[in-house]
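**Student:** Following my numbering, the numbering of the sequence shown begins with 40 at its first residue and continues without gaps.
Have a look at the structure that comes next, please.
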Amino acid sequence: MSARNNIIAIVAVSCIAVGSLWAYGNLTKETEEADLSGVEGILLEAQRSTFNGTNPDIYVRVNEPVKLVVVNKDIVIHDLQIKDKTGGILNFETAPLKSEQHFNSAIVAYKPGTYEYFCQYHPDMRGKIIAEP
Ligand SMILES: [Cu+2]
40 MSARNNIIAI VAVSCIAVGS LWAYGNLTKE TEEADLSGVE GILLEAQRST
90 FNGTNPDIYV RVNEPVKLVV VNKDIVIHDL QIKDKTGGIL NFETAPLKSE
140 QHFNSAIVAY KPGTYEYFCQ YHPDMRGKII AEP
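Right under this line is the structure:
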């Protein structure tokens, strides 16, 4: 074998080794659990087609962002959306969350009022955000 062939062989073996390690890492990686112990703000857990069991009212102050973490503790997909046409609150939607996935965001209201959060998949999963001056 020429030196050139040796180098090609070494590169090929290296690629196989790296590829195997990469595949092994992916296979052994555990499902990511959300560690939310240090979260200050609002935690909404989707479970049995509710948020936190009660779809609670959320109180915020105008122009004071509040961290919002949405976690799916259910076996079906959920999301959370805020869609307000008045411009009184920051609109957003989480990605479709599978079981044990979470999404970090923030609630920011710009005007006092009552707004709605909801899951697009489940009409009963909706609650109020009450923004006070
Ligand atoms: Cu849902």
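We put the beta carbon where it would ideally sit given N, CA and C, even for glycine.
Using 8 Å for Cβ pairs, my map puts VAL101 next to ALA145. What's the rounded Cβ distance?
**Tutor:** Actually they are not in contact, since the Cβ atoms of VAL101 and ALA145 sit about 14 Å apart, beyond 8 Å.
**Student:** Quick one: grab the DSSP three-state call for SER144.
**Tutor:** Strand, per DSSP.
**Student:** Should HIS161 be counted as a contact of ligand 1 given a C-beta to heavy atom distance under 8 Å?
**Tutor:** At least one heavy atom of ligand 1 is nearer than 8 Å to the Cβ of HIS161, so yes.
**Student:** Name, in chain order, the residues that DSSP records as bridge partners for ASN111.
**Tutor:** Partner(s): ALA85.
**Student:** Hey, how far is the Cα of ILE81 from the Cα of SER88?
**Tutor:** Approximately 18 Å between the Cα atoms of the pair.
**Student:** For ASP96, name the three-state secondary structure that DSSP assigns.
**Tutor:** It is coil, neither helix nor strand.
**Student:** How about SER88: is its Cβ closer than 8 Å to a heavy atom in ligand 1?
**Tutor:** True, at least one ligand heavy atom lies under 8 Å from that Cβ.
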